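Just so you know, the sequences run in chain order A and B.
Residues 1 to 222 (UniProt numbering) are what the first sequence spells out, left to right.
Residues 1 to 222 (UniProt numbering) are what the second sequence spells out, left to right.
Quick reminder that beta carbons are idealized off the backbone N, C-alpha and C, glycines included.
Quick caveat, the model's predicted, so the values are computed rather than measured.
Number of protein chains: 2
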Amino acid sequence: MGKDDVKLLSMWASPFCMRVKVALAEKDIPYEEILETDLMNDKSDLLVKSNPVHKQVPVLLHDGKPVAESTNIITYLDEAWPAKPLLPDCAYEKSRARFWADYIDRKVYPAGRAIWSSKEQDEVEAAKSNFLEIMMYLDGTLGDKDYFNGDTFGFVDILLIGLTSWFPAYEKYGDFKLEDHYPKLAAWITRSWARETVSESLTNPEKITNFVSMMRKMYGLE
Amino acid sequence: MGKDDVKLLSMWASPFCMRVKVALAEKDIPYEEILETDLMNDKSDLLVKSNPVHKQVPVLLHDGKPVAESTNIITYLDEAWPAKPLLPDCAYEKSRARFWADYIDRKVYPAGRAIWSSKEQDEVEAAKSNFLEIMMYLDGTLGDKDYFNGDTFGFVDILLIGLTSWFPAYEKYGDFKLEDHYPKLAAWITRSWARETVSESLTNPEKITNFVSMMRKMYGLE
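What follows is the structure, given as C-alpha cells:
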C-alpha cells in the first residue's frame, strides 16, 4: 500500500470532499490532502488541469492520474483497493446501494442549500418540507438497521454521512430538529459520527454553520 | 441464460428506456418489454410498486426483483451477465467511463429539453449554446476514436446513443445541425445507429419529433 501515491485536492467546507476522506480512512489508505484556498476566485492550476470539465473538488490523484466526482472516486477506491470493501458483494445489493447513492447525490445537498439560501419565509418552509420528504425516504430505507446495508458501515453510509456536517445549519435556518421527525435517522448520524474514520474526516458542524452564516450575509439574507 | 426472467417496464418515447434496450440487445439478453401507456395520468400498479421512490421508467425486473434508474440498470446488467462486458476492465478506465456517464446523465437531456421547451428566442439561443457546449466536451473526449472507450461500442456509447433519437427535435427547434459544429460526434452517431442493437432498440427520431411538436402545442409553444 505504501507504494501508492495518493493525493486529494480538497476544500475544508466541501461535503463532497469530506465523504471521500471518510472512504480513504475506512479503507486505511494513506494520502496527502492538498487544500484549495480560494475556489471562488483563484482555483489552483493543478485543480484546473486535473478536472478540466468541472474544475471542482474533490479530485483524487492516484500515481498522478486524476479521478473526479466524489461518488466516482469512492467507487474507484473500492475497486482499486479491494480490501475492506465498501460496496456489497452481490450484483443486486450493489444495484440497491447505487440507487440510494444516486438519490442522495441528486437530492440532499441542493435541498439543504435551498433552506439556508431562501429569503422569504414561505420559500424556507417549502424547502424544509422538501428536505424532510427526502429524509423520509432515507429513514424508510434505513429502517431498523444499524447502517444502510445492514450491520456494517459502507458505501451509502459514507455518501450520506459526508453531507451531515451541514445538517445543523439546515436545522438552524429551517428551524427544525431532524430527530423530532426521524429519530432512527438521527441515531444513525450519532452512531456514524462515533466512528473515528468519520469524526476525524468531517469538518466540525459549528464551523460549517458559521460559514453558512457568512455566505448568508454575503447574499444579503441576514 | 434462458432461465433468467427479465422484464423491462418501459415507455416508447423515453430515451432512458431506449438506452437500456440497447444494453440488453448488446448483451444478448432476452426480455419482455412491458409498455406503460399513460405515464402522465395513469401509472401502472406494477411500476409504482417496483419503483416507489421515483415512480419512473425504466425499471428492470430480474426474476421479479426490481432495479431502477437507467445507468444503474445498465451497470447491473454488466455485473449480473459478465459475458460481453460493457465497462472497461481496469479500475481507472472504469472510473473514466463513469465520469462521462455521470456527465451525460446530468447534462444532455435537460439541456436538450430547454431548447424545445423555451418560448422566447433568446432563451432558445441560450439553450442551444449550452447544449452545444456540452457536445463540445463529448466531442473532445471522443476525439478520433471510433467509440468512447476506443475500438468497441461500450458503456458510454450506450448511455449517449440512447438519447440521440431526440437530437433531430433539438436541431429542428434550435435551428442547427450538430454535424456543422461537431462532425466527429455526428459521425459517431451515424456509426452507432448502423448497429442493429441500436437501430432496433431506438424509437424512430421522426416519431420523437412529432411527439415533441405535440408537447409544444400542449404547452402553448406553437
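Legend entry - Proximal chain A residues relative to Thr-152/B, where beta-carbon distance stays under 7 Å: Going along chain A, no residue has its Cβ under 7 Å from Thr-152/B, so there is no contact; the nearest lies around 20 Å.
Inset, instruction - List the endpoints of the continuous beta strand (DSSP E) containing Ser-10/A. - result: Note, Ser-10/A: beta strand (DSSP E), 6-10.
Inset, instruction - Tell me, please, whether the stretch 123-136 of chain B touches the stretch 201-210 of chain A by the rule of three or more beta-carbon pairs shorter than 8 Å. - result: Taking 8 Å as the limit for Cβ pairs, the verdict is that the stretch 201-210 of chain A does not touch the stretch 123-136 of chain B.
Inset, instruction - Tell me where the alpha helix (DSSP H) around Leu-35/A begins and ends. - result: For Leu-35/A, there is no enclosing alpha helix (DSSP H); the residue is found in the beta strand (DSSP E) stretching over 32-35.
Inset, instruction - Please confirm whether any heavy atom of the ligand PLP lies closer than 7 Å to the CB of Met-18/A. - result: This structure does not include the ligand PLP; it has no bound ligands of any sort.
Legend entry - Interface residues of the stretch 52-78 of chain A facing chain B [CB-CB below 7 Å]: Listed by position, the residues of the stretch 52-78 of chain A near chain B (Cβ gap below 7 Å) are Val-53, Lys-65, Val-67, Ala-68, Glu-69, Asn-72, Thr-75, Tyr-76.
Legend entry - Three-state secondary structure (DSSP) of Pro-205/A: In the three-state reduction of the DSSP assignment, Pro-205/A falls in the helix class.
Inset, instruction - Please check if any C-beta of chain A sits within less than 8 Å of the C-beta of Lys-94/B. - result: By this cut-off, Lys-94/B is an interface position.
Inset, instruction - Spatial neighbours of Met-181/A within its chain, please: CB distance less than 6 Å, with the 5 preceding and 5 following residues excluded, ordered by chain position. - result: Just to set this straight, residue 181/A is His in the shown sequence, not Met. Only Leu-132 meet the Cβ criterion.
Inset, instruction - Measure the alpha-carbon distance for Asp-28/A versus Pro-82/A and round it to whole angstroms. - result: Cα to Cα, Asp-28/A sits roughly 11 Å from Pro-82/A.
Inset, instruction - Sort out for me which residues DSSP pairs Asp-42/B with in a bridge. - result: Beta-bridge pairing links Asp-42/B to Asp-38/B.
Legend entry - Residue(s) in a DSSP beta bridge with Lys-119/B: The partner list for Lys-119/B (beta bridge, DSSP) is empty, contrary to what the question assumes.
Legend entry - Nearest-angstrom Cβ-Cβ length linking Thr-71/B and Asp-42/B, presumed shorter than 8 Å: Rounded, the Cβ-Cβ distance is 27 Å, inconsistent with contact.
Legend entry - Residues of the UniProt domain "GST C-terminal" (90-211) of chain A whose Cβ lies closer than 7 Å to any Cβ of chain B, in chain order: Per Cβ criterion, the list reads Ala-91, Tyr-92, Lys-94, Ser-95, Arg-98, Phe-99, Asp-102, Tyr-103, Tyr-137.
Legend entry - Close Cβ partners of Ile-134/A (< 7 Å) along its chain, the five nearest in sequence each way excluded: Result list for Ile-134/A: Lys-107, Val-108, Ala-111, in chain order.
Legend entry - Nonlocal neighbours in the same chain, by C-beta distance under 7 Å from Leu-142/B, ignoring five residues either side: If the five residues before and after Leu-142/B are omitted, its C-beta is found closer than 7 Å to the C-beta atoms of Phe-148, Lys-184, Leu-185, Trp-188, all from its own chain and listed in chain order.
Inset, instruction - Please decide whether Arg-80/A counts as near chain B, where near means a Cβ-Cβ distance under 8 Å. - result: Contrary to the premise, residue 80/A reads as Ala rather than Arg in this sequence. So, interface residue.
Inset, instruction - Compare the beta carbon distance of Phe-16/A and Ala-68/B with 8 Å and say whether it is the shorter of the two. - result: Going by beta carbons, Phe-16/A and Ala-68/B fall outside the 8 Å limit.
Legend entry - Helix, strand or coil at His-62/B according to DSSP, with G and I counted as helix: In the structure shown, His-62/B sits in a strand (DSSP, three-state: E or B).
Inset, instruction - Rounded to whole angstroms, what's the CA-CA distance from Pro-30/A to Val-6/A? Just pull it up for me. - result: Roughly 7 Å between the two C-alpha positions.
Legend entry - Proximity of Ala-91/A and Tyr-76/B at Cβ, strictly below 8 Å: At the C-beta level, Ala-91/A and Tyr-76/B come within 8 Å of one another.
Inset, instruction - Following the continuous alpha helix (DSSP H) through Thr-190/A, name the residue where it begins and the one where it ends. - result: Judged by DSSP secondary structure, Thr-190/A falls within the alpha helix (DSSP H) whose first and last residues are 183-193.
Inset, instruction - Starting from the Cα of Leu-86/B, find the closest Cα among Leu-39/B, Ser-117/B, Asp-151/B and give me that residue. - result: Residue nearest to Leu-86/B within the set Leu-39/B, Ser-117/B, Asp-151/B is Asp-151/B (criterion: CA-CA distance).
Inset, instruction - Express the C-alpha separation of His-62/B and Met-1/B in angstroms, rounding to a whole number. - result: Reliability fails at Met-1/B, whose pLDDT of 47 lies under 50, so the model's placement of it is uncertain and no value is given.
Legend entry - Proximity test, Cβ basis, 8 Å: Thr-141/A and chain C: The question asks about chain C, but that chain is absent: this structure's protein chains are A and B.
Inset, instruction - Excluding the 5 residues preceding and the 5 following Met-18/A in the sequence, name in chain order all residues of the same chain whose CB lies nearer than 7 Å to its CB. - result: The residues are Gly-162, Ser-165, Ser-201, Leu-202, Thr-203.
Legend entry - CA-to-CA distance, Ala-114/A to Gln-121/A, given in whole angstroms: Rounded to whole angstroms, Gln-121/A and Ala-114/A show a C-alpha spacing of 12 Å.
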